[in-house]
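In the numbering used here, the protein residues as written are 3 to 352.
For every residue, glycine included, the Cβ atom is placed at its ideal position computed from N, Cα and C.
For reference, the structure discussed in these notes is given below.
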Ligand SMILES: Nc1ncnc2c1ncn2[C@@H]1O[C@H](COP(=O)(O)OP(=O)(O)OP(=O)(O)O)[C@@H](O)[C@H]1O
Ligand SMILES: [Mg+2]
């Protein structure tokens with residue numbers, strides 16, 4: 003039924019990664035959020051290196067073109083930041099009203115934030131607003147100001163005005179929670195395997211316990227395949243995506259890389275089994291997402307090393323998809339890559 007009064011309240015989730023730019027649009031005006039657009043475009047090599055935007059003009063142009071090709075208006079855009087110039091930490095402080103906390107958070111934060119406080123952007127959320135203890139739990143987010151400034155300037159160049167700058171790990175959590183509500187029980191790890199970096203998020207009863215970056219991404223495999231086996235970038239990418247006719251030849255190489263990541267995850271979650279005499283990990287399950295999640299053999303390598311059930315996660319597991327929204331999009335293949343942008347778009351920007 004057509005409603006002339008239905009307000010279009012769409013949120014555009016924009017994920018600017020070092021390997022690809024991803025966009026997902028979710029309409030929040032109906033009873034349930036609904037995906038209306040989805041798209042991605044690979045980013046030229048070295049335009050973003052180690053989180054730093056080396057070629058802002060090129061990145062801005064790529065964002066603008068992608069949105070235009072998708073027919074998406076650059077309004078209500080939510081994007082995010084992450085990496086080592088940002089920290090998220092659960093702290094405790096004297097219980098007070100949020101307005102008062104806002105006044106003193108800078109002084110509280112000083113002891114936890116390893117950056118120059120002069121150039122830090124802070125935000126926080128009281129985790130137990132209805133608690134009655136003398137202390138309250140607060141989730142503190144601190145980002146180097148230049149990290150935010152750089153992102154906002156880039157978006158301005160792309161004619162995009164962000165309404166919210168979110169945090170990568172929050173967006174991942176958000177998409178994951180929406181699509182896998184059952185995973186909010188027990189202890190789970192959500193691993194985003196990107197182009198340059200992978201991130202492990204450990205959740206306990208749905209609450210983030212730890213976030214850690216591992217210096218592994220599909221790019222490392224691509225570089226190895228190029229350097230050591232003389233493949234072109236395209237050939238290497240075919241192997242990584244599992245559609246090369248020389249797949250068997252390089253299976254060992256992929257397994258090696260996957261094991262490197264598995265060891266990284268194992269180290270990140272080792273604290274979970276500390277004090278556990280049986281020496282067994284209490285990790286219930288591992289979910290993989292990001293463009294690298296489907297590297298052939300990766301899920302098996304992680305499952306074997308951690309001895310934990312491991313599956314590739316999709317942001318479309320439960321999310322409603324509008325008819326035709328994915329007509330031109332190979333959902334099956336690219337779903338894991340869209341976890342973060344969907345998490346951003348699920349935020350109903352005011
Ligand atoms: N079908 C596919 N099409 C394109 N890329 C794919 C595909 N399958 C796997 N990939 C890999 O996924 C990578 C991009 O993944 P993703 O978008 O998660 O990374 P990113 O967010 O750009 O990187 P980072 O988070 O490290 O900055 C590509 O570089 C490519 O190697
Ligand atoms: Mg990424």
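Grab me the residues of residue i's own chain with a C-beta within less than 7 Å of its C-beta, minus the 5 sequence neighbours each way, in chain order.
{"i": "residue 78", "result": "12, 13, 14, 165 and 351"}
{"i": "residue 239", "result": "224"}
{"i": "residue 348", "result": "28, 35, 176, 177 and 180"}
{"i": "residue 328", "result": "40"}
{"i": "residue 337", "result": "316, 317 and 318"}
Using a Cβ-based criterion (distance less than 7 Å to any ligand heavy atom), does residue i qualify as near ligand 2?
{"i": "residue 342", "result": "yes"}
{"i": "residue 194", "result": "yes"}
{"i": "residue 17", "result": "yes"}
{"i": "residue 232", "result": "no"}
{"i": "residue 254", "result": "no"}
{"i": "residue 53", "result": "no"}
{"i": "residue 292", "result": "yes"}
Excluding the five sequence neighbours on either side, which residues of its own chain have a C-beta within less than 6 Å of the C-beta of residue i, listed in chain order?
{"i": "residue 1", "result": "Because the chain is modelled from 3 through 352, residue 1 falls outside the range shown and cannot be assessed."}
{"i": "residue 212", "result": "204"}
{"i": "residue 322", "result": "34 and 36"}
{"i": "residue 29", "result": "12, 36 and 38"}
{"i": "residue 199", "result": "215 and 219"}
{"i": "residue 110", "result": "95"}
Is residue i near ligand 1 - that is, is its Cβ less than 7 Å away from at least one heavy atom of it?
{"i": "residue 236", "result": "no"}
{"i": "residue 58", "result": "no"}
{"i": "residue 220", "result": "yes"}
{"i": "residue 327", "result": "no"}
{"i": "residue 243", "result": "yes"}
{"i": "residue 44", "result": "yes"}
{"i": "residue 199", "result": "yes"}
{"i": "residue 346", "result": "no"}
{"i": "residue 335", "result": "yes"}
For residue i, which residues does DSSP report across the bridge?
{"i": "residue 126", "result": "142"}
{"i": "residue 20", "result": "None; residue 20 has no bridge partner."}
{"i": "residue 200", "result": "195 and 216"}
{"i": "residue 94", "result": "139"}
{"i": "residue 88", "result": "145"}
{"i": "residue 190", "result": "205 and 287"}
If I measure Cβ to Cβ from residue i and keep anything under 8 Å in the same chain, skipping five residues before and after, which residues do I get?
{"i": "residue 46", "result": "57, 60 and 64"}
{"i": "residue 245", "result": "none"}
{"i": "residue 281", "result": "Bear in mind that the predicted position of residue 281 carries a pLDDT of just 48, short of 50, making it unreliable; the figure below should be weighed with that in mind. The residues are 275."}
{"i": "residue 108", "result": "119 and 124"}
{"i": "residue 174", "result": "192, 194, 201, 203, 291, 341, 342 and 345"}
{"i": "residue 96", "result": "136, 137 and 138"}
{"i": "residue 289", "result": "178, 182, 185, 190, 191, 192, 193, 312, 313, 314 and 315"}
{"i": "residue 301", "result": "290, 295, 312, 313 and 314"}
{"i": "residue 253", "result": "298 and 299"}
What three-state label does DSSP hand residue i in the structure shown?
{"i": "residue 260", "result": "helix"}
{"i": "residue 340", "result": "helix"}
{"i": "residue 152", "result": "helix"}
{"i": "residue 281", "result": "Its pLDDT being 48, under 50, residue 281 is placed unreliably by the model, and the measurement read from it follows with that caveat. Residue 281: coil per DSSP, three-state reduction."}
{"i": "residue 242", "result": "helix"}
{"i": "residue 107", "result": "helix"}
{"i": "residue 210", "result": "strand"}
{"i": "residue 265", "result": "helix"}
{"i": "residue 26", "result": "strand"}
{"i": "residue 183", "result": "helix"}
{"i": "residue 350", "result": "coil"}
{"i": "residue 72", "result": "helix"}
{"i": "residue 322", "result": "strand"}
{"i": "residue 316", "result": "coil"}
{"i": "residue 158", "result": "helix"}
{"i": "residue 133", "result": "coil"}
{"i": "residue 170", "result": "helix"}
{"i": "residue 101", "result": "helix"}
{"i": "residue 112", "result": "coil"}
{"i": "residue 38", "result": "strand"}
Please tell me whether, using a cut-off of 7 Å, the distance from the CB of residue i to the nearest non-hydrogen atom of ligand 3 is below it.
{"i": "residue 266", "result": "Of the ligands one can find in the structure shown, namely ligand 1 and ligand 2, none is ligand 3."}
8 Å is my cut-off, CB to CB: does residue i come that close to chain B?
{"i": "residue 55", "result": "Annotation note: the requested chain B is absent from the structure, which comprises a single protein chain."}
So residue i and residue j are in contact, right, with Cβ under 8 Å, and what is the actual spacing, rounded?
{"i": "residue 339", "j": "residue 22", "result": "7 Å"}
{"i": "residue 267", "j": "residue 220", "result": "Contact doesn't hold; Cβ gap of about 16 Å is too wide."}
{"i": "residue 264", "j": "residue 217", "result": "Actually they do not touch by this definition, with Cβ atoms about 14 Å apart."}
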